[in-house]
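Note that the sequence shown ends on residue 138 in this note's numbering; no numbers are left out.
All C-beta atoms, glycine included, are put in the ideal place defined by N, C-alpha and C.
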Amino acid sequence: MDEIERAIHEVAVGGELACASAFSIAEGLGVDPLDVGQSADALEIRLTRCQLGLFGYGPKSEDQHRRVTAMAKVPIKLETAIRSALDRDGKLTCAAAWQIADDLDLPRQTVSDAAEGLSIRIKDCQLGAF
């Protein structure tokens, strides 16, 4: 068992690894978060509690898996930051959403709520979940 797998087993609960825990492992070991996500997948440990609120909060079959709520009126500064970070396909990457949250000193989920309100999809999970 390698270092990443060992760390995952230490913090995973009930076959699940929270996004924040996965990032803590990556930071602590000095590895890419994607390596942690791929290791969790190989170990059949499910990633949960996405910090953008996109997945891992409850049963998908009951539509309780997400915490994202479309923001009705997105502040112009936030909208501008999101629109300037869009890729060629008009989508926002997870990493860009995190950067916007950091730059504007906002909770990460606020950025995803704003993106949802603007009908902008978030893609390319840093852990490889989507």
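Count the other CB atoms, across all protein chains shown, that sit within 10 Å of the CB of residue i; report buried if there are 16 or more and exposed otherwise.
i: Gln134; result: buried
i: Phe138; result: exposed
i: Glu124; result: buried
i: Gly61; result: buried
i: Thr56; result: buried
i: Ile53; result: buried
i: Pro83; result: exposed
i: Ser120; result: buried
i: Pro41; result: buried
i: Val76; result: buried
My output table needs one value for residue i: the three-state DSSP class, helix, strand or coil.
i: Ile130; result: strand
i: Val39; result: coil
i: Thr101; result: strand
i: Val76; result: coil
i: Phe31; result: helix
i: Thr136; result: Note that residue 136 is Gly in the sequence shown, not Thr. In the structure shown, Gly136 sits in coil (DSSP, three-state: anything other than H, G, I, E or B).
i: Lys81; result: coil
i: Arg96; result: coil
i: Leu112; result: helix
i: Gly45; result: helix
i: Asp71; result: coil
I'd like to confirm the pairing. Which residues does DSSP put opposite residue i in its beta bridges?
i: Leu86; result: Answer is none; Leu86 lacks a bridge partner.
i: Ala26; result: Thr56
i: Val19; result: In the DSSP output, where bridge partners are listed per residue, Val19 has none listed.
Thinking residue i and residue j are a contact (beta carbons under 8 Å), I'd like their distance in whole angstroms, please.
i: Trp106; j: Arg116; result: 6 Å
i: Val44; j: Ala34; result: 5 Å
i: Gln72; j: Tyr65; result: 6 Å
i: Leu112; j: Glu87; result: At roughly 11 Å, the Cβ-Cβ gap does not stay under 8 Å, so Leu112 and Glu87 are not in contact.
i: Ile130; j: Leu94; result: That pair is no contact at about 11 Å.
i: Glu13; j: Ser47; result: 6 Å
Measuring only from the beta carbon, is residue i closer than 8 Å to any heavy atom that is part of the ligand FAD?
i: Val19; result: Only the bare structure without any ligand can be found here, which leaves the ligand FAD out of the picture.
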